[in-house]
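Q: Following this message is one structure expressed as C-alpha cells.
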Amino acid sequence: MQKKDPAIVNFVFIAIALLWIKTYIVYKLNMNLQIENLIQELILFINPISFLMLVFGLGLLLEGIRQKWYVLTASLVISIILYANAVYYREFFDFITLPLLMQTNNLADLESSIWELISPYDIFYFADVMILLIIAYRKPVRIAFQKMQTPSIKAFYFSAIAFFLLNLGLSETQRPELLTRTFDREILVKNLGTYNFHIYDVFLQTKTKAQRAMANGNELTDIEEYTESKSSGSNKELFGEAKGKNIIIVSMESIQSFVIGKEINGKEITPFLNDFIEESYYFDQFYHQTGQGKTSDSEFLLDTSLYPLGRGAVFFTHSNNEYSTLTEKLNKEGYYTANFHANNKSFWNRDVMYSQFGYDRFFSMADYEIDDVNSVGWGMKDIDFFEQSVDHLNDIPKPFYGKFITLTNHFPFHLDSEDKFIDEYNSPSGTLNRYFPTVRYTDEALKVFIENLKREGIYEDSIIVLYGDHYGISENHNPSMEQFLGKEITPFESVQLQRVPMIIHIPGHEGKTISTVSGQIDLRPTLLNLAGIDSKKDIEFGSDLFAQDREEFTILRDSSFITKDQVYTKGSCYDKATGEILTKSECDPYRQRAKLELDYSDKIIYGDLLRFHNNH
Ligand code: GP9
Ligand code: MN
Numbered sequence: 007m008q009k010k011d012p013a014i015v016n017f018v019f020i021a022i023a024l025l026w027i028k029t030y031i032v033y034k035l036n037m038n039l040q041i042e043n044l045i046q047e048l049i050l051f052i053n054p055i056s057f058l059m060l061v062f063g064l065g066l067l068l069e070g071i072r073q074k075w076y077v078l079t080a081s082l083v084i085s086i087i088l089y090a091n092a093v094y095y096r097e098f099f100d101f102i103t104l105p106l107l108m109q110t111n112n113l114a115d116l117e118s119s120i121w122e123l124i125s126p127y128d129i130f131y132f133a134d135v136m137i138l139l140i141i142a143y144r145k146p147v148r149i150a151f152q153k154m155q156t157p158s159i160k161a162f163y164f165s166a167i168a169f170f171l172l173n174l175g176l177s178e179t180q181r182p183e184l185l186t187r188t189f190d191r192e193i194l195v196k197n198l199g200t201y202n203f204h205i206y207d208v209f210l211q212t213k214t215k216a217q218r219a220m221a222n223g224n225e226l227t228d229i230e231e232y233t234e235s236k237s238s239g240s241n242k243e244l245f246g247e248a249k250g251k252n253i254i255i256v257s258m259e260s261i262q263s264f265v266i267g268k269e270i271n272g273k274e275i276t277p278f279l280n281d282f283i284e285e286s287y288y289f290d291q292f293y294h295q296t297g298q299g300k301t302s303d304s305e306f307l308l309d310t311s312l313y314p315l316g317r318g319a320v321f322f323t324h325s326n327n328e329y330s331t332l333t334e335k336l337n338k339e340g341y342y343t344a345n346f347h348a349n350n351k352s353f354w355n356r357d358v359m360y361s362q363f364g365y366d367r368f369f370s371m372a373d374y375e376i377d378d379v380n381s382v383g384w385g386m387k388d389i390d391f392f393e394q395s396v397d398h399l400n401d402i403p404k405p406f407y408g409k410f411i412t413l414t415n416h417f418p419f420h421l422d423s424e425d426k427f428i429d430e431y432n433s434p435s436g437t438l439n440r441y442f443p444t445v446r447y448t449d450e451a452l453k454v455f456i457e458n459l460k461r462e463g464i465y466e467d468s469i470i471v472l473y474g475d476h477y478g479i480s481e482n483h484n485p486s487m488e489q490f491l492g493k494e495i496t497p498f499e500s501v502q503l504q505r506v507p508m509i510i511h512i513p514g515h516e517g518k519t520i521s522t523v524s525g526q527i528d529l530r531p532t533l534l535n536l537a538g539i540d541s542k543k544d545i546e547f548g549s550d551l552f553a554q555d556r557e558e559f560t561i562l563r564d565s566s567f568i569t570k571d572q573v574y575t576k577g578s579c580y581d582k583a584t585g586e587i588l589t590k591s592e593c594d595p596y597r598q599r600a601k602l603e604l605d606y607s608d609k610i611i612y613g614d615l616l617r618f619h620n621n622h
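Each residue of the sequence shown is one higher than the last, beginning at 7 in my numbering.
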C-alpha cells in the first residue's frame with residue numbers, strides 16, 4: 007500500500023521562498039545598506055515578502071503548465087529587475103528610478119560602463135530561476151502545480167497585506183513620515199524593499215507626468231504679470247558689488263535666530279556669529295520658508311526663488327522640471343559652481359537635483375575622509391568638514407560660487423564630550439537641552455572655516471552669506487522653550503520662532519543690522535544683484551534684501567505670513583510689534599495674496615511651467 011505523502015508544497019511557494027532569500031542575500035552582499043539595529047535588520051529581511059506574495063499569489067489561481075509559465079516568467083522578470091539594481095549599485099551606490107531611465111544621457115553613461123560592471127559569475131543571480139526551471143521540467147512528486155481553494159487564497163492575500171502593514175508599521179517606528187518626506191532612496195529601499203520602492207517610484211512619476219501633460223503656457227501669463235507687478239526693484243549701488251569675487255554660502259543646519267546673542271550659564275551660545283554680525287549685514291527679520299523637504303527645501307528656495315511644495319520634497323517629486331536657477335546664471339557669468347556636503351550624494355535626491363540646477367561639482371561624502379573619530383550623529387563633524395572643504399577649494403577654479411551645508415547641529419543633537427564647549431540647558435526636554443551645545447559647536451566650526459579661508463587668502467576675495475536652513479526645535483518642545491525664553495509661546499510667537507539668522511559679509515563694508523521682513527525666497531534676487539546680474543525678467547517671488555523700497559511681506563509654507571505690521575497665522579491676525587490679536591480684517595488684503603502667491607508657485611512646479619518661459 008502506498009503511504010499518503012503529507013509534505014506536498016505548491017510550486018508558487020517555492021518560487022516565493024527562493025526569490026525572498028535571494029533578495030535578502032543581494033541586499034547583504036551587494037548593497038551597502040547601513041543597518042543600525044535589530045529592528046532595521048528585521049525590516050530588511052521581511053520587506054520583499056509582501057510584494058512577492060502579491061505577484062506570485064496570482065499563480066495560485068492557475069494550474070499545470072499555465073502556473074509553471076506564470077511563475078517562471080514572473081520570477082525571471084523580477085530577477086532581472088533585482089539584477090539590474092545590483093549592477094547599477096556596483097557603480098553608483100544608488101537605486102534605479104524611472105526618471106533616471108528616461109534621462110538619456112544617464113543611460114549613455116550606463117551603456118559604456120555596463121560591460122565593465124557585469125561578470126560571468128553573475129549567472130548566479132539567476133540560480134533560483136534555473137532551480138524553478140528544473141523543478142518545472144522534472145515535476146518532482148512532492149511539488150504540486152495546483153490551484154488553491156478560494157478560502158485559502160483569501161487567507162493568503164490577507165497575510166500578504168498583513169505583512170505589508172507590519173513592514174510599514176515597523177518602518178514608521180524607525181523613520182516617521184517615511185513616505186511623505188521621501189528622504190532618500192536608500193532609506194526607502196531599506197524600509198519598503200526594492201520592489202515596493204519601484205512601485206512607489208512609478209506612482210510618483212505617473213502623478214507628476216499627468217499634471218505636467220495637462221499644463222500649458224497660458225497659465226504663465228497671469229503669473230508673469232503678478233511677479234512683475236510685485237517686483238520691488240533692487241539696490242543700484244550694490245549692483246555688481248560681488249563681481250569677480252567668490253560667493254560663499256553656508257546653510258547652517260537647524261540654527262534659529264533665538265540663540266543669537268543668548269547665553270547658557272554665562273557663556274555665549276554663538277560667540278563667533280555674535281562677533282561676525284558686528285562686521286556684516288545682519289537681517290534679524292528673516293524667516294525660513296521650508297516645508298517637509300527641510301534642508302532641501304531651503305536649497306530650492308535659494309536657487310529658484312520659488313516656494314517648495316506643501317507636501318513631499320520638491321527635490322524628489324519634481325527634479326526633472328526646468329528651473330531658472332541662481333547657479334545657471336552664475337555659471338553663465340563665469341563662476342565655477344559647487345556644493346559641499348559630507349553626506350550621501352543621493353540624500354534628498356541632491357545628486358539629481360544639483361545637476362538639474364547646473365552645479366559644476368558636488369563634493370559629497372565620497373570626497374571627504376570620514377572615520378569614527380571625525381564623525382558623530384548624522385555623519386562628519388562640521389569642523390572637519392570645513393577643514394577638508396577648504397582643501398577642496400584650493401583645487402577649483404576662481405571665482406567660485408560654493409554652497410556649504412553643515413550637519414552636526416541636526417536632531418537629535420548628539421555630540422562627543424570633547425566637542426561640548428558649553429553646558430546643556432536644564433529643562434524637561436532633552437532635545438532642547440542638547441541643542442545649545444551643538445549650536446555652539448557649529449558656531450566654533452564656522453570660526454574655523456573663516457580662519458582657514460583667511461589663511462588661504464580666499465576670505466578677502468569673497469562675499470560670505472550664512473543662513474539657517476529651518477527650525478531645529480519643533481513645537482513639541484514648547485513648554486521647555488517657554489522656560490528658556492521666559493514667555494508664553496502663542497501662535498504669534500511660534501511664527502516669530504521661524505526666524506533664522508541671515509548674515510551677508512562683504513569685504514570693506516561695515517556691519518549693519520537691517521530689520522526688513524524677509525525670507526529665503528529673497529536670497530536669489532539679492533545674490534544676483536550683488537553679482538551684477540539682472541533678474542528683472544525672471545519669474546521670482548522674492549526681492550532684493552537691500553532694495554530701499556522693497557515690500558515687506560513674507561509668506562511661510564503653511565500660509566502664515568508676516569508683514570511690516572502684522573503676523574497672520576492659524577486663522578488669527580496679530581500686531582507684529584506687540585503680539586496682540588487684531589481684527590481679522592486687518593490682515594485681509596494680504597490673506598488673498600498669500601494664497602494666490604503660493605498657488606502660483608505650486609502651479610509652476612506641478613505644470614513644469616518654466617519650460618514655457620521665453621526668458622529661460
Ligand atoms: C542631510 C541634511 C539634513 O543631508 O541636509 O537634512 P534635514 O533633515 O535637515 O532636511
Ligand atoms: Mn537641515
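Heads up, the beta-carbon is just placed ideally off N, CA and C, and yes, glycines get one too.
Going by Cα to Cα distance, which pick from 157, 95, 140 and 89 is closest to residue 126?
A: Checked all of 157, 95, 140 and 89; the closest Cα to residue 126 is 89.
Q: Is residue 482 near ligand 1, going by C-beta to nearest heavy atom under 7 angstroms?
A: Result no, Cβ not under 7 angstroms from ligand 1.
Q: From the DSSP secondary-structure annotation, give me the bridge partner or partners of residue 554.
A: For residue 554, which the question treats as bridged, DSSP gives no partner whatsoever.
Q: Report yes or no: do the stretch 389–399 and the stretch 309–316 share at least 3 C-beta pairs separated by less than 8 angstroms?
A: In short, these stretches do not touch, since the Cβ pair count stays below three.
Q: Is DSSP giving residue 8 helix, strand or coil here?
A: Here residue 8 scores only 49 on pLDDT, less than 50, and its place in the model is too uncertain to base an answer on.
Q: Cα separation between residue 549 and residue 384?
A: Rounded to the nearest angstrom, the two C-alpha atoms are 34 angstroms apart.
Q: For ligand 1, which residues have a Cβ under 5 angstroms from at least one heavy atom, in chain order?
A: Listed by chain position, these are 300, 301, 349 and 353.
Q: I want to know whether the stretch 528–541 touches the stretch 246–253 - three or more CB-CB distances under 8 angstroms.
A: Yes, since at least three Cβ pairs between the stretch 528–541 and the stretch 246–253 fall closer than 8 angstroms, the two stretches touch.
Q: So, using beta-carbon positions, are residue 606 and residue 232 closer together than 8 angstroms?
A: Yes, they are a contact pair.
Q: Any heavy atom of ligand 2 inside 7 angstroms of the beta-carbon of residue 476?
A: Yes, the beta carbon of residue 476 sits closer than 7 angstroms to at least one heavy atom of ligand 2.
Q: Cβ-heavy atom distance between residue 433 and ligand 2 below 7 angstroms?
A: No, ligand 2 has no heavy atom inside 7 angstroms of this Cβ.
Q: So, for residue 588: in the same chain, excluding its five sequence neighbours on each side, which residues have a beta-carbon less than 6 angstroms away from its beta-carbon?
A: Same-chain partners within the cutoff: 579 and 581.
Q: Look up residue 325 in the DSSP assignment and say whether it is helix, strand or coil.
A: Coil.
Q: List in chain order: all unbroken beta strand (DSSP E) runs of 3+ residues lying wholly within the stretch 115–191.
A: If we require 3 residues or more, the stretch 115–191 turns out to have no beta strand (DSSP E) run fully inside it.
Q: For a minimum of 3 consecutive residues, which ranges assigned as the beta strand (DSSP E) are wholly contained in the stretch 256–318?
A: Counting only runs of 3 or more, we get 287–289.
Q: Is the stretch 264–282 close to the stretch 446–454, with three or more CB pairs under 8 angstroms?
A: The stretch 264–282 is in contact with the stretch 446–454.
Q: Answer yes or no: the CB of residue 259 versus the heavy atoms of ligand 2, is any distance below 7 angstroms?
A: Yes.
Q: Does DSSP put residue 506 in a helix, a strand or coil?
A: Of the three classes helix, strand and coil, the one that applies to residue 506 here is coil, per DSSP.
Q: Got a sec? Which residues, its chain only, sit under 8 angstroms from residue 362 by beta carbon, not counting five neighbours each side?
A: Closer than 8 angstroms at the Cβ level, and outside the excluded window around residue 362, lie 325, 326, 327 and 329.
Q: Taking the continuous beta strand (DSSP E) assigned at residue 599, which residues delimit it?
A: Premise fails: residue 599 lies in the alpha helix (DSSP H), 594–613, not in any beta strand (DSSP E).
Q: Rounding to the nearest angstrom, what Cα-Cα distance links residue 70 and residue 14 in this structure?
A: If I take the Cα positions, the gap works out to 15 angstroms.
Q: Can you grab the Cα-Cα spacing for the pair residue 57 / residue 201, in whole Å?
A: Taking the straight line from one Cα to the other gives about 7 angstroms.
Q: May I ask you to report which of helix, strand or coil DSSP gives residue 23?
A: Reduced to three states, the DSSP call for residue 23 is helix.
Q: Assuming residue 266 contacts residue 280 under a Cβ cut-off of 8 angstroms, what Cβ separation, rounded to an integer in Å, is found between them?
A: Going by Cβ atoms, the distance from residue 266 to residue 280 rounds to 7 angstroms, so yes, they are a contact pair.
Q: Checking 8 angstroms against the spacing of the C-beta atoms, do residue 350 and residue 370 come in under that value?
A: Yes, they are a contact pair.
Q: Which residues in the same chain as residue 504 place their Cβ atom closer than 7 angstroms to its Cβ, once the five residues preceding and following it in sequence are excluded?
A: For residue 504, where only same-chain residues beyond five positions count, the Cβ hits under 7 angstroms are 293, 294, 477 and 562.
Q: Sorted by chain position, which residues of the same chain lie with C-beta nearer than 6 angstroms to residue 497's C-beta, five sequence neighbours on each side aside?
A: Excluding positions up to five away in sequence, the list reads 575 and 576.
Q: Measuring straight from C-alpha to C-alpha, what distance separates residue 37 and residue 228?
A: In a straight line, the C-alpha of residue 37 is about 48 angstroms away from that of residue 228.
Q: Quick one: give me the first and last residue of the alpha helix (DSSP H) that residue 233 is part of.
A: Element bounds for residue 233: 225–236.
Q: Could you tell me the distance, in whole angstroms, from the CA atom of residue 492 to the CA atom of residue 441?
A: Their backbone Cα atoms lie some 17 angstroms apart in a straight line.
Q: Thinking C-alpha only, which one of 455, 527, 50 and 501 is nearest residue 508?
A: Of the candidates 455, 527, 50 and 501, the one whose C-alpha sits nearest the C-alpha of residue 508 is 527.
Q: Where do the N-terminal and C-terminal ends of the alpha helix (DSSP H) with residue 357 fall, by residue?
A: Note, residue 357: alpha helix (DSSP H), 356–363.
Q: Reducing DSSP to helix, strand and coil, say where residue 111 ends up.
A: Confidence at residue 111 is low in this model, with a pLDDT of 48, below 50, so its placement is unreliable and no value can be given for it.
Q: Would the beta-carbon of residue 300 be found less than 7 angstroms away from any heavy atom of ligand 3?
A: As far as ligands go, the structure on display features ligand 1 and ligand 2 and does not contain ligand 3.
Q: Work out the CA separation of residue 82 and residue 139 for me, nearest whole Å.
A: Cα to Cα, the separation comes out at about 10 angstroms.
Q: Pick helix, strand or coil for residue 574, following the three-state DSSP scheme.
A: The answer is strand: DSSP assigns residue 574 an E or B state.
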